[in-house]
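Residue numbers (this note's numbering): 38 to 352.
Glycine is no exception: its CB is placed at the ideal position from the N, C-alpha and C atoms.
Just below is one structure, and these are the notes that go with it.
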């Protein structure tokens, strides 16, 4: 067969395939007359009250406070100090970061120095020791975070929630080969409550102690995601366990000569809008130790188009 004949046959075959495709499309359209072709789904449009302020940078927040006649810088400094006293690295927070106050960095210090600092009650040293233990000994990391919690760190509660959620994820089994990690996984998963319940309990305990003044969009998402991984009974148990964690930590603090968790209200605070909606427990039965009920709530559109609230507690 000549090359010309082969070309003709191929062209005829391709034409037949094309005709078959067209006929099938026409047949499908004929079966559903009047139905539009499906279009790609667009991203959901988030609309806000156009009258809400847009506070996207620390300068925006400062200017908004100043426009109300508030002493912006002293209020922001007081809130930063309030968070820092509870273990939070304030420099990493949207709307509160500054160019003058860098977060404390102990990453260059050796373990003996950090252990000495931690023994003297340095919360940042406890955080650093916990972070260093994550890859080699998760049980040690949990112990250091627990020490930081007893020292008053709410940030350590959040970190404990993240670590337990990771340890409770079955997918991690495929990536763990270190014998110490495997042993830690067995111990943690064999304990009661299960890791994911404990993770949610610690995330809720953070709000029980710190109130909505620590309810960032990230923490609200953490609680929601952890709650979705449990059934209703698991969530209920986590709510109860959260209360137990707070009581146990408070008792240990008192036994060591320290005060129970502070109920001091910051002069201003930032949270996700409607923070109580993110808590899967009955907030009314166990209200947070730090209550913002007497503060003035002002909604605004924050970074990443999140609806947020700035609480003004100066009255």
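Exercise. Is DSSP giving residue 283 helix, strand or coil here?
Worked result: Here residue 283 sits in helix by DSSP.
Exercise. Measuring CA to CA, which of 259, 246, 130, 229 is closest to residue 186?
Worked result: Comparing C-alpha distances from residue 186 to each of 259, 246, 130, 229 shows the shortest one belongs to 246.
Exercise. Hey, how far is the Cα of residue 348 from the Cα of residue 278?
Worked result: A direct Cα-to-Cα measurement between residue 348 and residue 278 gives close to 29 Å.
For this session: Report the residue from 96, 85, 126 whose alpha carbon sits nearest the alpha carbon of residue 132.
Result: Distance from the Cα of residue 132 is smallest, within the candidate group 96, 85, 126, for 96.
Problem set entry | Where residue 307 sits in the DSSP three-state scheme | When DSSP states are grouped into helix, strand and coil, residue 307 belongs to the strand group.
Problem set entry | Environment of residue 25 [buried if 16+ CB atoms lie within 10 Å] | For residue 25 there is no data in the structure shown, the boundaries of the chain being 38 and 352.
For this session: Can you say whether residue 188 is buried or exposed, counting buried as having 16 or more other CB atoms within 10 angstroms of its CB?
Result: With 16 or more neighbouring CB atoms inside 10 Å of its own CB, residue 188 falls in the buried class.
Problem set entry | Where residue 193 falls: helix, strand or coil (DSSP) | Taken through DSSP and simplified to helix, strand or coil, residue 193 comes out as helix.
Problem set entry | Close Cβ partners of residue 113 (< 8 Å) along its chain, the five nearest in sequence each way excluded | Here the set comprises 95, 98, 99, 102, 133, 305.
Problem set entry | Enclosing alpha helix (DSSP H) for residue 160 [first to last residue] | Per DSSP, residue 160 belongs to the alpha helix (DSSP H) from 160-170.
Exercise. Does the count of Cβ pairs from the segment 322-335 and the segment 219-230 closer than 8 Å reach three?
Worked result: Contact between the segment 322-335 and the segment 219-230 is absent, because fewer than three Cβ pairs lie under 8 Å.
Problem set entry | Rounded C-alpha distance that separates residue 250 from residue 303 | Spanning the two alpha carbons is a distance of roughly 8 Å.
For this session: Can you tell me which of the three DSSP states residue 233 falls into?
Result: Helix.
For this session: Can you say whether residue 284 is buried or exposed, counting buried as having 16 or more other CB atoms within 10 angstroms of its CB?
Result: With fewer than 16 other CB atoms across the displayed protein chains lying within 10 angstroms of its CB, residue 284 is exposed.
Problem set entry | For residue 248, the nearest candidate out of 159, 221, 346, 326 (CA to CA) | Residue 326 is the option with its Cα nearest to residue 248.
Exercise. Taking the alpha carbon of residue 161 as the point to measure from, which residue in 175, 182, 174 has its own alpha carbon closest?
Worked result: Just measuring C-alpha positions, the residue of 175, 182, 174 sitting nearest residue 161 is 182.
For this session: Below 8 Å CB to CB, which residues in the same chain sit around residue 165 once its five sequence neighbours on both sides are set aside?
Result: If we look at residue 165 and ignore the five residues flanking it on each side, its Cβ neighbours are 143, 144, 146, 151.
Exercise. Does the beta-carbon of residue 123 have 16 or more other beta-carbons within 10 angstroms, so that it is buried, or is it exposed?
Worked result: Residue 123 counts as buried, since no fewer than 16 other beta carbons sit within 10 angstroms of its beta carbon.
Exercise. Which residue from 233, 191, 300 puts its Cα closest to that of residue 127?
Worked result: The shortest C-alpha separation from residue 127 is found at 191.
Problem set entry | Proximity test, Cβ basis, 9 Å: residue 106 and chain C | Protein chains in the displayed structure number just one, and chain C is not present.
Problem set entry | Local conformation of residue 337 per DSSP, three classes | Strand.
Exercise. Start and end of the beta strand (DSSP E) containing residue 347?
Worked result: 344-349 is the span of the beta strand (DSSP E), which, as asked, contains residue 347.
Exercise. Roughly how many whole angstroms lie between the Cα atoms of residue 267 and residue 233?
Worked result: If I take the Cα positions, the gap works out to 8 Å.
For this session: Per DSSP, which residues does residue 91 bridge with? Please list them.
Result: Per DSSP, the beta bridge partners of residue 91 are 338.
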